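First residue of the sequence shown? That's 4 in our numbering, and the numbers climb one at a time after it. Every residue gets a Cβ at the ideal spot worked out from N, C-alpha and C, and that includes glycine. Predicted model, so just to flag it, every value in this text is computed and none were measured. Below is one structure; the comments refer to it alone.
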Amino acid sequence: MSDTRTFSGITPDVWERLKAYGRDAHGTVFEPEDAPSGVATTRTPVGKIAIRYDYDEAASCLCYTIERKPFFVMGWQIWSGIEATLDRCRSCV
4 MSDTRTFSGI TPDVWERLKA YGRDAHGTVF EPEDAPSGVA TTRTPVGKIA
54 IRYDYDEAAS CLCYTIERKP FFVMGWQIWS GIEATLDRCR SCV
């Protein structure tokens, strides 16, 4: 069963900051790189995390679905990290 969350208030600037932070801080790879929908993959010491993303610029929302994660990583840990990153990206002006 997949775990999906939708986040609102995601402007194009927030979306670009979110992707840049993921790439710079965690080595996240977004495929396709410049598309509004795709899969973001992050390698961790305990395994790979793959999250499907769908950014709707007109609605200012971002839908994430956890597609793959290591057994030892809980979904709430991933969501907590995403929410903290979104807060950080939203506060940058």
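With 16 other Cβ atoms within 10 Å as the buried cut-off, status of residue 72: buried
Opposing strand residues paired with residue 69 [DSSP bridges]: 6 and 54
Cβ neighbours of residue 34 in the same chain (closer than 6 angstroms, five flanking residues each side left out): 41 and 42
As assigned by DSSP and simplified to three states, the class of residue 59: strand
Delimiting residues of the beta strand (DSSP E) encompassing residue 34: 32-34
When 17, 38 and 26 are compared against residue 57, the one with the closest alpha-carbon: 38
Segment limits, alpha helix (DSSP H) that includes residue 28: 15-29
Nearest-angstrom Cβ-Cβ length linking residue 9 and residue 64, presumed shorter than 8 angstroms: 6 angstroms
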